[in-house]
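Novice:
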Ligand code: ATP
Ligand code: MG
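Numbering (UniProt numbering), first residue to last: 219 to 359.
1. Bridge partners of residue 256, per DSSP?
2. Any heavy atom of the ligand ATP closer than 7 Å to the CB of residue 221?
3. Bridge partners of residue 336, per DSSP?
4. I want to know whether the segment 258-271 touches the segment 317-332 - three or more CB-CB distances under 8 Å.
5. Taking Cβ to Cβ, would you say residue 293 is nearer than 8 Å to residue 221?
6. Does DSSP put residue 295 in a helix, in a strand, or in coil?
7. Can you check whether the CB of residue 231 is closer than 8 Å to the CB of residue 308?
8. On the DSSP letters alone, give me the boundaries of the alpha helix (DSSP H) that residue 266 sits inside.
9. Classify residue 329 as helix, strand or coil using the three-state DSSP reduction.
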């Protein structure tokens, strides 16, 4: 089985119904929840995680948003976990998601291109790195 890091971002955690719907969606799609926890980032955690986007026009609002309130982080296991979770999320940009991939999580629940409900690792390598970032206490033997 493959592991991925899935994060429900502050916009979605703020709404109990959306958090519940997303949790159900994870279970319905045959993911095994290996670990899950609520986490609140300081601004510097946000800056460190999104360092690759430093200088982009949305960087400030992104780091601000990601440290604005609690998130729910999951280590998920499944066959093709990385691509499956990304497929369920849909495209980053909310209007693209709504037009091109209407049933996806970001299409249904995304508010803006930044407040887009979920994060998912984009490769096995980033999954390893991001799992270590969110769950330093978890180590794969
Ligand atoms: P994530 O990494 O959160 O899964 P992603 O891989 O689809 O999203 P990235 O390009 O890595 O997208 O961007 C990281 C995050 O930065 C996005 O999820 C979104 O919150 C924000 N973001 C990306 N592009 C834009 C944009 N054009 N305008 C506003 N915010 C953006
Ligand atoms: Mg990304």
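Don't be surprised by glycine CBs; every beta carbon is placed ideally from N, CA and C.
Specialist: To lay it out plainly:
1. DSSP, once it has assigned bridges, lists 290 as partnering residue 256.
2. Distances between the C-beta of residue 221 and the heavy atoms of the ligand ATP are all 7 Å or more.
3. The partner list for residue 336 (beta bridge, DSSP) reads 226.
4. The way I'd put it, the segment 258-271 doesn't touch the segment 317-332; fewer than three beta-carbon pairs between them come closer than 8 Å.
5. Taking 8 Å as the Cβ cut-off, residue 293 and residue 221 qualify as a contacting pair.
6. Residue state for residue 295 is assigned as strand, using DSSP reduced to three classes.
7. No; because the gap between Cβ atoms is not below 8 Å, this pair is not in contact.
8. That run of the alpha helix (DSSP H) goes 261-267.
9. Taken through DSSP and simplified to helix, strand or coil, residue 329 comes out as coil.
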